[in-house]
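Protein chains in written order, with this note's numbering: chain A, 252 to 384; chain B, 4 to 362.
Working notes, beginning with the structure itself.
This is the structure:
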């Protein structure tokens with residue numbers, strides 16, 4: 252059986268809508284990936300726990316509220332506590348350019364801001380997976 | 004990497020990462036999973052396997068979430084397998100059942116896994132039966148399998164679950180829907196969800212009438228085993244008609260004269276608010292108790308295993324036919340049929356001979 256790329260799409264924090272996350276989820280689906288969607292208002296603990304149970308290759312988080320500098324690194328920290336180092340973690344949403352280097356230093360492999368074509372995100376995932384497909 | 008993260012011991016200890024990675028190996032049919040599954044075999048058979056099935060949008064995920072909550076309140080360990088369809092065009096999938104259940108994500112007594120059908124028809128994915136065994140051996144007390152949104156004939160769940168909850172909602176169709184064959188025959192418990200909507204009472208009445216008629220016609224009784232037999236044997240095209248007939252008569256003979264003639268319960272719920280959930284869970288557990296007490300649990304599992312073994316054997320035969328030397332035999336026989344040298348049935352006999360000789 253062919254290996255499928257599994258992606259957890261999650262909305263950490265208190266955002267009021269998830270239109271962007273749904274657009275990404277749909278684009279990844281149409282690229283042949285299996286997308287586990289967890290919906291709004293997820294804590295980092297919920298995201299990491301779900302990513303373990305679902306055994307995903309990728310965690311894709313979207314934040315609009317401005318809490319990314321706190322929540323994204325927290326997810327990385329929880330993954331490290333569980334000794335999980337083979338999951339690709341990417342982020343998106345309303346994220347100022349000056350915050351991106353810090354997020355990358357924390358282990359967020361790619362940050363995609365509004366206007367990024369979905370094809371770019373798909374290519375990035377395919378080229379940066381940490382496990383063999 | 005997957006190999007080192009999982010092992011029979013880790014799965015047995017309830018390590019969620021090990022369980023998850025083993026289920027992934029099952030999903031991609033990794034041959035190295037078999038050694039682990041074999042080592043886990045002795046520890047299975049303890050969990051109560053509950054199927055939740057019904058049409059798209061009937062509230063299966065929300066019901067599952069509420070059932071998980073009720074079972075956790077009783078201190079039971081609960082696992083969920085939630086199946087959603089894969090795209091027939093791209094192979095991709097949106098697995099969205101989890102949205103309704105995320106409040107349980109950080110509860111260490113709950114394990115939730117979403118599975119895509121990956122082209123499998125029948126309402127489940129191919130991985131479900133092996134994944135169920137993994138979760139059983141891992142020590143979960145209850146395993147809830149949520150099928151894809153079903154239409155009329157996706158009845159695979161009855162081959163895996165001990166107890167099937169069939170979810171209906173008001174407003175789907177007229178009373179002829181309730182008397183059609185297929186999915187309406189597989190419920191051990193009927194649940195009319197969204198019961199606060201208009202028409203719920205009518206749906207309850209129609210399902211009751213359908214069930215009562217089935218009893219009058221001798222086709223269904225709740226714990227009689229006849230019901231079990233019909234549900235597990237009759238709803239499918241038999242693998243071998245003679246064998247299935249035999250099994251059916253065997254079971255029917257064993258149960259004739261059994262006094263427990265009761266029709267499946269028809270319950271109402273409003274999953275969103277939690278209304279009726281306690282009653283539903285009570286009935287799910289009562290079904291398990293009754294199955295165990297009457298010995299039908301064993302009978303049902305035996306019949307399901309017989310079906311699964313038959314299908315697994317058929318798959319082995321099909322893949323054996325794909326091997327080169329067989330392909331040649333199949334090719335030769337096909338040409339002979341085409342050229343009218345032999346007929347189709349002689350070709351089939353010749354192929355069967357060739358297969359049994361080498362096995």
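Glycine included, every Cβ here is placed at the ideal spot set by N, Cα and C.
- Residue range 327-341 is occupied by the alpha helix (DSSP H) that includes residue 339 of chain B.
- When CB distances to chain A are screened at a threshold of 8 Å, the residues of the stretch 104-128 of chain B falling below it are 105, 108, 109, 114, 115, 116, 117, 119, 121, in chain order.
- A Cβ-Cβ contact shorter than 8 Å links residue 195 of chain B with residue 206 of chain B.
- For residue 297 of chain B, the enclosing alpha helix (DSSP H) starts and ends at 280-297.
- Of the candidates B:17, B:112, B:92, B:52, B:52 places its Cα closest to the Cα of residue 287 of chain B.
- Three or more beta-carbon pairs separated by less than 8 Å are not found between the stretch 124-135 of chain B and the stretch 97-105 of chain B, which leaves the two stretches without contact.
- Across the stretch 71-105 of chain B, CB contacts with chain A closer than 7 Å involve 90, 93, 94, 95, 96, 97, 98, 99, 101, 102, 105, in sequence order along the chain.
- Per DSSP, reduced to three states, the secondary structure at residue 189 of chain B is coil, with no helix or strand assignment.
- Proximity of residue 147 of chain B to chain A, defined by a Cβ-Cβ separation below 8 Å, is not satisfied.
- Residue 312 of chain A carries a strand assignment under DSSP once its states are collapsed to helix, strand and coil.
- Chain A has no Cβ within less than 8 Å of the Cβ of residue 15 of chain B.
- In the DSSP assignment, residue 344 of chain A forms a beta bridge with A:314.
- DSSP, reduced to helix, strand and coil, places residue 357 of chain B within a helical segment of the structure shown.
- Residue pairing by DSSP places residue 263 of chain A opposite A:293 in a beta bridge.
- In the DSSP assignment, the residues bridged to residue 361 of chain A are A:341.
- Just so you know, the alpha carbons of residue 61 of chain B and residue 333 of chain B end up roughly 47 Å apart.
- Ranked by Cα distance from residue 153 of chain B, the first of B:315, B:309, B:57 is B:57.
- Contacts with chain B (Cβ-Cβ distance below 7 Å) from the stretch 303-314 of chain A involve 303, 304, 305, 306, listed in chain order.
- Beta-bridge pairing by DSSP links residue 123 of chain B to no other residue.
- Where residue 270 of chain B is concerned, the enclosing beta strand (DSSP E) starts and stops at 269-271.
- Note on residue 21 of chain B: 16 or more other CB atoms within 10 angstroms of its CB, so buried under the neighbour-count rule.
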